[in-house]
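Beneath this line is the structure, given in structure tokens, with notes to follow.
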Amino acid sequence: MSKLSKFAAKLSELLKQDSLFFASDLTNQDGLLVLTEDEAGREKKTVKLSDVPASAHIIFDLQGRFTRTAGDSDFGKRCDYVIIDAHNSRVLLIELKLGTKSSGERQQVVSQLKGGRVVID
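Going by the working numbering, the residue at position 74 of the sequence shown is 75; the numbering climbs one at a time, nothing skipped.
And the structure:
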């Protein structure tokens, strides 16, 4: 078993069942992996990814699963999704945004991706 496979298995022990999926669980009839962000009062955002192995682990809602750091530093923020493809030794961090594309929001995305990276590291 590869290190990434062991990591995915250990992480699945830490996460609640409603936060961990296989790519096959979220694939539509066209074979595309569909990830969404939906917040009350805002337009739903969706991203569709192709060529994601059915066995890849999809982790959703890192924000609620790990302790925030003091002062809401970059490492207290988390991205929306992490895709772990142990077969191809790849990890993909995804952040979907519902708001405008201001420079402050871009910095927030960077912070959320950095926080996701910290969890993976």
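Where is the CB? At the ideal position from N, CA and C, for every residue including glycine.
For clarity, every value in this text was computed on a predicted model and none was experimentally measured.
First and last residue of the uninterrupted beta strand (DSSP E) at residue i
i: Val53; result: Looking at the DSSP string, Val53 is not in any beta strand (DSSP E), and its letter there is neither H nor E.
i: His58; result: 58–61
i: Leu33; result: Premise fails: Leu33 is in no beta strand (DSSP E) and is neither H nor E.
i: Leu93; result: 91–95
i: Asp39; result: Here Asp39 belongs to no beta strand (DSSP E), and DSSP marks it neither H nor E.
Per-residue DSSP class, three states only, for residue i
i: Leu27; result: helix
i: Glu44; result: coil
i: Leu5; result: helix
i: Arg118; result: helix
i: Glu106; result: helix
Whole-angstrom distance between residue j and residue i, CA atom to CA atom
i: Asp75; j: Gln113; result: The predicted position of Asp75 is uncertain, since its pLDDT is 49 and thus under 50; no value can be drawn from it.
i: Ser51; j: Gly32; result: 7 angstroms
i: Gln108; j: Gly42; result: 23 angstroms
i: Glu106; j: Val119; result: 20 angstroms
i: Phe8; j: Val110; result: 25 angstroms
CB of residue i within 7 angstroms of CB of residue j, strictly
i: Val53; j: Leu34; result: yes
i: Arg79; j: Gly117; result: yes
i: Leu97; j: Lys46; result: yes
i: Ala24; j: Ala55; result: yes
i: Ser6; j: Ala87; result: yes
i: Ser3; j: Phe61; result: no
i: Asp81; j: Glu38; result: yes
i: Ile121; j: Ile84; result: no
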